[in-house]
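Everything below concerns the one structure shown next.
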Amino acid sequence: MPELPEVETMVRGIRAHVTHRPIGDLVACANRCKPINIKPTLARLRKRVVGKTFQAVRRLGKRVILDLSDGSSLAIEPRMTGLVLLADPPDVEHLRLRWDFDGPGQYASFWFWDRRGLGTVTLFDQAALKARFALGTFGRDALEMTADHWVESCHKSAREIKVLLLDQKTVAGIGNLYASEILHRAGIHPGVPAKSLTPDALERLTQSVQFVLNKAIEYEGSTLGDGTYRNALNQSGRYQNEHRVYMRAGEMCSVCGDEEIVRIVQAQRSTFYCPMCQPESKGSGRKSGSDRRGFKPSNRKTGR
DNA sequence: ATTAATGTTCAGAA
DNA sequence: TTTCTGAACATTAA
């Protein structure tokens, strides 16, 4: 499920191969899959894209943005299982769209592949893109968040910190997997209200977001058990080997060695955490000492 | 054979 | 205003 590190890996993977090349055609792949959700229609998008070039490829939250030479931009949103590929798709059935380039180049085309078909491709003109991703309508990028920004985002909110982390309007790029990993490294219990976090906890959160996301980018993202996520050349990421809590319910915490990782459900999504490293009490002060022992997990489900 | 679970986003309701 | 719920989708585990 592509989150910030996976989408960043996609962007870096295709950038050199898709920019400044004339687009010869855009077609729906010939298989029984629907060509996913396209705005406007495929036919109209095709007319708007053919003959142009991509001037730049960048990331906005969890979307791949391709800036066209006429000032408009294409936003590819992988959602759960979408991939951009230069070659070697995981399978041919779930290829959805293909862009063909004219002229020389290492790869003649690139694809949007999506097993579940929740992904979207949307064309924005310059003004519409600006409006859609303006601060306030869309959150600041997770890698741009300073401690002051976190204070501003958290100090009024009654929501659980894990749920707030997932809100793309509050902060862009964090998804279910990295939310659990980030909070574990920060020593913050996922269920505490955002506004209860102390300045110290928010400082740790700031650092943890930077550390975890940058490390995950360095490792080219996480390819989970189902093997869905792949880079542009259909290679697995390597950050899954570094996960400390995600999908590790019932395992001993590798950091404290004293407690099993627990799975709970928040906002209909799985959360994983360590009751020892992430105490529930006030402001999640990790070093407060008084809550080192005697803590009871707030939820008893430990299955995976 | 049916049902639940999986994760992201958005529309619409509370 | 803020927060919550359900739908969309494909595949697999129970």
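My numbering runs 243 ahead of the 1-based position in the first sequence.
Idealized CB from N, CA, C, for every residue including glycine.
What you are looking at is a predicted structure, and each value in this text was computed from that prediction instead of being measured.
Under three-state DSSP, which class holds residue i?
i: serine 513; result: strand
i: alanine 318; result: strand
i: arginine 383; result: strand
i: proline 436; result: strand
i: phenylalanine 344; result: strand
i: lysine 290; result: helix
i: alanine 299; result: strand
i: alanine 330; result: coil
i: isoleucine 425; result: helix
i: glutamate 503; result: strand
i: alanine 420; result: Going by the sequence as given, residue 420 is leucine instead of alanine. In this structure, leucine 420 counts as helix in the three-state DSSP scheme.
i: leucine 285; result: helix
Is residue i buried or exposed, if buried means 16 or more other CB atoms sit within 10 Å of its CB?
i: lysine 373; result: exposed
i: proline 321; result: buried
i: histidine 263; result: exposed
i: glutamate 249; result: buried
i: methionine 253; result: buried
i: alanine 401; result: exposed
i: threonine 413; result: buried
i: cysteine 496; result: buried
i: cysteine 499; result: exposed
i: proline 442; result: exposed
i: proline 433; result: buried
i: arginine 301; result: exposed
i: glycine 346; result: exposed
i: glutamate 395; result: exposed
i: glycine 294; result: exposed
i: leucine 378; result: exposed
i: serine 524; result: exposed
i: threonine 514; result: buried
i: alanine 371; result: exposed
i: proline 283; result: exposed
i: alanine 385; result: buried
i: glutamine 349; result: exposed
Our contact map puts residue i next to residue j with C-beta atoms below 8 Å; I'd like the distance itself, whole angstroms only.
i: methionine 519; j: glutamate 494; result: Wrong, their Cβ atoms sit about 13 Å apart, outside the cutoff.
i: aspartate 310; j: alanine 299; result: 4 Å
i: cysteine 276; j: arginine 339; result: 6 Å
i: leucine 366; j: serine 315; result: 6 Å
i: proline 265; j: phenylalanine 344; result: 7 Å
i: glutamine 453; j: serine 465; result: Not really, about 17 Å apart at Cβ, beyond 8 Å.
i: glutamate 251; j: isoleucine 460; result: 5 Å
i: alanine 492; j: valine 508; result: Not a contact, Cβ separation roughly 12 Å.
i: alanine 271; j: leucine 285; result: 6 Å
i: tyrosine 462; j: glutamate 485; result: 7 Å
Considering only residues of the same chain and omitting the five flanking positions on each side of residue i, which have a CB-CB separation below 6 Å?
i: threonine 324; result: Asp357, Arg358, Arg359 and Thr471
i: threonine 449; result: Ala390 and Trp393
i: leucine 303; result: Phe376
i: alanine 429; result: Arg447, Leu448 and Ser451
i: arginine 341; result: Val270, Cys272, Ser352 and Trp354
i: threonine 363; result: Asn280 and Glu320
i: glycine 382; result: Gln411, Lys412, Thr413, Val414 and Ala415
i: arginine 258; result: Val300
i: serine 479; result: Thr466
Can you give me the Cβ contacts of residue i inside the same chain, cut-off strictly under 7 Å, excluding the 5 residues immediately before and after it?
i: glutamate 246; result: Lys305, Gly416, Ile417, Gly418, Leu420 and Tyr421
i: alanine 437; result: Cys397, Ser400, Arg402, Ile404 and Leu407
i: proline 332; result: Leu338, Trp354, Trp356 and Asn477
i: asparagine 274; result: Val335, Glu336 and Leu338
i: methionine 388; result: Val414, Thr449 and Val452
i: glutamine 511; result: none
i: valine 455; result: Tyr421, Glu424, Ile425 and Arg428
Since residue i is in the alpha helix (DSSP H), which residue starts that stretch and which ends it?
i: valine 406; result: 404-408
i: valine 254; result: 247-261
i: serine 352; result: Per DSSP, serine 352 belongs to no alpha helix (DSSP H); it is in the beta strand (DSSP E), 352-357.
i: asparagine 457; result: 442-461
i: glutamate 395; result: 390-397
The ligand ADP and residue i: does any heavy atom of the ligand fall closer than 8 Å to the residue's C-beta?
i: leucine 467; result: Absence of the ligand ADP is noted for the structure shown, with no ligands found whatsoever.
Go to residue i, then tell me how far its beta strand (DSSP E) extends in each direction, as first and last residue.
i: arginine 375; result: That residue, arginine 375, is in no beta strand (DSSP E); its alpha helix (DSSP H) goes 369-375.
i: aspartate 268; result: 266-271
i: valine 307; result: 306-311
i: asparagine 280; result: 280-282
Spatial neighbours of residue i within its chain, please: C-beta separation below 8 Å, excluding the five flanking residues on both sides.
i: glycine 256; result: Val327, Leu329, Asn474, Ala475 and Leu476
i: threonine 296; result: Thr262, His263, Arg264, Pro265, Ile266, Leu311 and Ser312
i: glutamine 369; result: Gly314, Ser315 and Ser316
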